[in-house]
Amino acid sequence: MTTIRFIHTADLHLDSPFKGMTGLPSARLNELRESTFTAFNRLIDYAVETSPDFLLIVGDIYDGEDRSLRAQRKFQEGMEKLHEAHIPVYITYGNHDHLSGNWTRFELPPNVHEFSEEVEEVPLTVRGMDVVLHGFSYPTRHVREEMISKYPPATDPHSFHIGLLHGSLAGNETHAVYSPFTIGELQSKHYDYWALGHIHLRQHLSEDPPIVYPGNIQGRHRNESGEKGFYEVELSKTDAVLSFVPTSAVQFGRIQIPCVDIRHANEWLAVCEEALLSFATEHGPSVVDVEILNLDDETAAFFAQTAEDVWLEAIREVMEGHEPFVWVQELTVTNPSHRQESNSLMEAVLGQVDSWSENEWKQVLGDVYQHVRTARYLEPLKEEDIQELRHEVEKLLLNELPTVLEVNR
Numbered sequence: 006m007t008t009i010r011f012i013h014t015a016d017l018h019l020d021s022p023f024k025g026m027t028g029l030p031s032a033r034l035n036e037l038r039e040s041t042f043t044a045f046n047r048l049i050d051y052a053v054e055t056s057p058d059f060l061l062i063v064g065d066i067y068d069g070e071d072r073s074l075r076a077q078r079k080f081q082e083g084m085e086k087l088h089e090a091h092i093p094v095y096i097t098y099g100n101h102d103h104l105s106g107n108w109t110r111f112e113l114p115p116n117v118h119e120f121s122e123e124v125e126e127v128p129l130t131v132r133g134m135d136v137v138l139h140g141f142s143y144p145t146r147h148v149r150e151e152m153i154s155k156y157p158p159a160t161d162p163h164s165f166h167i168g169l170l171h172g173s174l175a176g177n178e179t180h181a182v183y184s185p186f187t188i189g190e191l192q193s194k195h196y197d198y199w200a201l202g203h204i205h206l207r208q209h210l211s212e213d214p215p216i217v218y219p220g221n222i223q224g225r226h227r228n229e230s231g232e233k234g235f236y237e238v239e240l241s242k243t244d245a246v247l248s249f250v251p252t253s254a255v256q257f258g259r260i261q262i263p264c265v266d267i268r269h270a271n272e273w274l275a276v277c278e279e280a281l282l283s284f285a286t287e288h289g290p291s292v293v294d295v296e297i298l299n300l301d302d303e304t305a306a307f308f309a310q311t312a313e314d315v316w317l318e319a320i321r322e323v324m325e326g327h328e329p330f331v332w333v334q335e336l337t338v339t340n341p342s343h344r345q346e347s348n349s350l351m352e353a354v355l356g357q358v359d360s361w362s363e364n365e366w367k368q369v370l371g372d373v374y375q376h377v378r379t380a381r382y383l384e385p386l387k388e389e390d391i392q393e394l395r396h397e398v399e400k401l402l403l404n405e406l407p408t409v410l411e412v413n414r
């Protein structure tokens, strides 16, 4: 069976600042800030080693429209390596790296094709087989209107047709909605593969044809947990084989540690150390949230004698110096005696919070962003900021609701 083989990646977010990583030792913080570049280098090295027919990058190469010089230089160097290996690269720019941003440009080598702001068809030949790529780049940050109607349907059944689209599934508001589409609209184009970008969660929306988000290549905060990477795709006219290739340099995760019949601090530290080392052995360098649960009454009373931030500092000290490193970003102790009682109230509050649109979040935070003295120091509200705020709301509810319920008994 005649096939083509290519790499599908998106959402590189090179030079992400990793905001909110308070307390992380400087050496570890630097390792984390380098992680997007490390993941990118793994992508480039894999491509050079395996020689795909071409590589697709579907938006958000950079973390912001003011692309840093360092990020552009690193990207340009990666493209040069692919040029030397005779690997063509096709790029669409998304909402984070749109064409109207302010930056000092680096010239990319001739193996790189950058899609324009209009939906265009790019033909290429792979070992005698005709391939047509369809895509566009964002002219500005906010492309709210649907663009799928501008993609032409495939009319030649003998050519491979691949769509590149940085956008959102219509009705899914877990991310900012850009260039919305429905699965049916993509399927109606009769393409052989849809290479998507924008959503950082790896997922397949359809198998026939494959409609695929590869996710980002490096998690940037607790809401982007798990292994990250890209897809290597082997495509024929009747089948597609997708192989996930991991690239994460640092993995975000969450660990739940049961603690029963613990009466001494050293017992608890030993249990946590074992669980964290096991996680690091499996996943490599990690930033994790730890939830302590299944406490019996005596163990819960034991934990209550010391503030959670003191317990957190203690486990951080125990884990210091271990390789691969594990940084505990947050510690939560869940008391089961209050959990069931507070669940319904917490779910009601979080349900209301989750229903807020981006504009409603801005209204809620209006006093902060409109304050004369503080507004100038604040960056524009981003989607990841909203997710972090939502997490803080949940954390506050977990910590405070049991106390409120106890007072009102």
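All residue numbers for the sequence shown refer to our numbering, where the first residue is 6 and numbers rise by one. All C-beta atoms in this analysis are idealised placements derived from N, C-alpha and C, irrespective of residue type, glycine included.
Taking a C-beta distance under 8 Å as the contact criterion, N107 and P93 do not qualify as a contact pair. In this structure, A200 keeps its C-beta atom at 8 Å or more from the C-beta atom of V182.
With a cutoff of 8 Å on beta-carbon distance, I12 and E237 are scored as near each other.
With fewer than 16 other Cβ atoms from the protein chains shown falling within 10 Å of its own Cβ, F249 counts as exposed. Contact between V124 and Y95 does not hold, since their C-beta atoms are separated by about 14 Å, which reaches or exceeds 8 Å.
Note that the region 187-197 touches the region 150-166; at least 3 beta-carbon pairs, one per stretch, sit closer than 8 Å. Under the Cβ criterion (8 Å, minimum of three pairs), the region 69-88 does not count as touching the region 250-265. Around H88, the same chain offers P114, P115, N116, V117 as residues with beta carbons nearer than 8 Å, after the five sequence neighbours per side are excluded.
A200: member of the beta strand (DSSP E) spanning 198-202, first to last residue.
Across the set G172, D58, I153, the C-alpha of D58 shows the shortest separation from the C-alpha of D135. In the three-state reduction of the DSSP assignment, Y183 falls in the coil class, being assigned neither a helical nor a strand state. For the options L206, E212, L300, R207, the alpha carbon positioned closest to that of I188 is the one of E212. The beta carbons of S154 and H171 sit no closer together than 8 Å. The region 34-42 makes no contact with the region 261-278: fewer than 3 CB pairs, one atom from each, lie closer than 8 Å. Contact between E313 and V338 holds, since their C-beta atoms are separated by about 6 Å, short of 8 Å.
Around the CB of S105, fewer than 16 other CB atoms lie within 10 Å, so the residue is classed as exposed. Listed in chain order, the beta strand (DSSP E) runs fully inside the region 76-132 are 94-97, 117-119, 125-131, counting runs of at least 3 residues.
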